[in-house]
Structure formats: C-alpha cells, structure tokens
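Colleague: Quick note on numbering: this note's numbering labels position 121 of the sequence shown as 550, and the sequence is numbered without any gaps. The beta carbon of each residue, even a glycine, is placed where N, CA and C say it ideally should be.
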Amino acid sequence: MEREPAKRFDPLPGRVGHVAGIESLTLDGRRYYFGFDYTSDLVVSPLIDDPDAMAAFAAEHMRQTDGRHGETYWADLVADAVETSELVWKETEREFTTRSLRADLPNPGSHLLYLLHAASEWDDSFTLPSDAQQAYTRLGFDEGSFVKGIGECLQAILEDGADSRPDERTVVRCYLTSVKLLPGNWTLLFTPLAEAITGRE
Numbered sequence: 430m431e432r433e434p435a436k437r438f439d440p441l442p443g444r445v446g447h448v449a450g451i452e453s454l455t456l457d458g459r460r461y462y463f464g465f466d467y468t469s470d471l472v473v474s475p476l477i478d479d480p481d482a483m484a485a486f487a488a489e490h491m492r493q494t495d496g497r498h499g500e501t502y503w504a505d506l507v508a509d510a511v512e513t514s515e516l517v518w519k520e521t522e523r524e525f526t527t528r529s530l531r532a533d534l535p536n537p538g539s540h541l542l543y544l545l546h547a548a549s550e551w552d553d554s555f556t557l558p559s560d561a562q563q564a565y566t567r568l569g570f571d572e573g574s575f576v577k578g579i580g581e582c583l584q585a586i587l588e589d590g591a592d593s594r595p596d597e598r599t600v601v602r603c604y605l606t607s608v609k610l611l612p613g614n615w616t617l618l619f620t621p622l623a624e625a626i627t628g629r630e
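(1) Using C-beta distances below 6 Å, list every residue in its chain close to Arg567, excluding the 5 sequence neighbours before and after it, in chain order.
(2) Please classify Pro612: is it buried, with 16 or more other beta-carbons within 10 angstroms of its beta-carbon, or exposed?
(3) Kindly list the residues whose CB is nearer than 8 Å to the CB of Arg460, restricted to its own chain and excluding five residues on each side of it in sequence; keep chain order.
(4) If Arg594 sits next to Ile626, beta carbons under 8 Å apart, how far is it from one beta carbon to the other, in whole angstroms?
(5) As a quick exercise: from Arg492, Ala485, Gln563 and Thr527, pick the residue whose alpha carbon is nearest that of Pro621.
(6) What's the gap between the Cα of Asp509 and the Cα of Thr599?
(7) Short of 6 Å in beta carbon distance, which residues of its chain neighbour Ala488, apart from the five on each side in sequence? Order them along the chain.
(8) For the alpha helix (DSSP H) that Glu522 lies in, which residues bound it at each end?
(9) Can you tell which of Ser539, Tyr462, Asn536 and Ser549 has the C-alpha that lies nearest to the C-alpha of Leu506?
(10) Apart from the five residues just before and just after Ala561, which ones in its own chain have a Cβ nearer than 7 Å to its Cβ?
(11) How big is the Cα-Cα spacing for Ser607 and Gln493?
(12) Report the option in Ser469, Thr513 and Leu605 whose CA atom is closest to the CA atom of Ala449.
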C-alpha cells in the first residue's frame, strides 16, 4: 500500500536554507519537532507534530554543513531528536503543559525563555508600547537592549511578587504578550505563557 505524502508546512519568512539540526519538545504530551540553527540561536521551522512531515520540511528548507539531504537522512535526525537534544541536558526541560505555562512565570535563564527569544522576531522595527518604554527607562536599562532586562525583571517579580514590582511587571508583560512577533505556529507554546503574567494583574 502506497504511503500518503507527509503533510506540508510553510517555511518561516526569512528563515529558509539555514544549516540546522532537529530539536523537539512536548506540549500536553504531544511531541513537536522543529529546526534549529545552533550557530545563530534561531528557530528555523514551525512546530511540526509529525516526524515524516518534519523530515520532508527539512529536506526542502534546511541544510547540513555538507549541503542538502533527502528525507531519509533527515528522518534519522528526527528520530534522534526524541531521545537527545543539543539545547538541554534534562528531558524535563523540554516538557511543557498548557496548565503549567499559564500558572507559572518562567525562570530567568530557562530553556523556555531561550526558545521564546530564538523564535521571536525582535528587531529594530519593533517599537515598544509607551508604558513599557517608560517602565524600562525608569528601571535604568539601555533603550536598545530590551530583551536583556527581561531576566532581571522576572527575578524581581519572582522574589517580591508582581504587585510589588509594577515596572518590572509591565516590561515582562510586554515581552511575554508580544505573540505577534512569533512566526508560524509558535503561539501554541507561548500564548499560554502570556497568560501567566496577565493573570497576575
């Protein structure tokens, strides 16, 4: 019996042709695969919940250091991504549930925050909302490095509570709720995370 062709996923704008590997995570028990450019710390594919579709996507839109490869080659890397990761040491670091994402703010330096930055399209064209810009200025951070202050703001909120740190809460809320900067279907993972901060207001 002939196998059905793998489901096709559109590439992320501006992220085609990268030298990249395959990573995976689970959300609510479902495994998702994605391409990752380790040199650039950049997500280079949507979240793909089918291994055959991930292999097909990689064959069409990704490369290795020695060039392009076919689906069979990529299928082996997809299978490896279930058991191993170049990004985390512990399996639990790449296991998420919608419930926990909504309930808890991420820890500074966590894999979750790293993925958010790697997936988001932060660039010079993004203008901070006025309340976030004012809060950021009051906190004494450099205007051109918005994301660098997120860890400090999160740490302050986790230690003192969101009500005690209104400026930090404003900055973190801006960062975690900027889902419009997420390409493809990465909102699956990060929309619930945005609710972790908005639910504290």
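Modeller: Let me spell this out:
(1) Position 138 of the sequence shown, counting from 1, holds the residue named residue 567. Same-chain partners within the cutoff: Asp596.
(2) As a first step, residue 612 must be located in the sequence shown, where it is residue number 183. Classification of Pro612: buried, given that the 10 Å Cβ count is 16 or more.
(3) Counted from its first residue, the sequence shown places residue 460 at position 31. Cβ neighbours of Arg460 beyond the five flanking positions: Ser453, Leu454, Asp478 and Val511.
(4) Here residue 594 corresponds to residue number 165 of the sequence shown, with the count starting at 1. Here residue 626 corresponds to residue number 197 of the sequence shown, with the count starting at 1. Their Cβ separation, rounded to whole angstroms, is 12 Å, which puts Arg594 and Ile626 out of contact at 8 Å.
(5) Numbered from its first residue, the sequence shown carries residue 621 at position 192. Among Arg492, Ala485, Gln563 and Thr527, the Cα nearest to that of Pro621 is on Thr527.
(6) Your numbering for residue 509 matches position 80 in the sequence shown. Your numbering for residue 599 matches position 170 in the sequence shown. Computed Cα separation, rounded: 40 Å.
(7) On the sequence shown, position 59 is the one that residue 488 refers to. Counting only Cβ-Cβ distances below 6 Å, and skipping sequence neighbours, we find Gly499, Glu500 and Trp503.
(8) Mapped onto the sequence shown, residue 522 falls at position 93. First-last for Glu522: undefined, no H or E at that position.
(9) One-based indexing of the sequence shown puts residue 506 at position 77. Of the candidates Ser539, Tyr462, Asn536 and Ser549, the one whose C-alpha sits nearest the C-alpha of Leu506 is Tyr462.
(10) For the purposes of this step, residue 561 is taken as the residue at position 132 of the sequence shown. The answer, listed in chain order, is Thr599, Val600 and Cys603.
(11) As a first step, residue 607 must be located in the sequence shown, where it is residue number 178. As a first step, residue 493 must be located in the sequence shown, where it is residue number 64. Distance from the CA atom of Ser607 to the CA atom of Gln493, rounded to whole angstroms, is 32 Å.
(12) Taking the first residue of the sequence shown as 1, we reach residue 449 at position 20. Measuring from the Cα of Ala449, the nearest candidate turns out to be Ser469.
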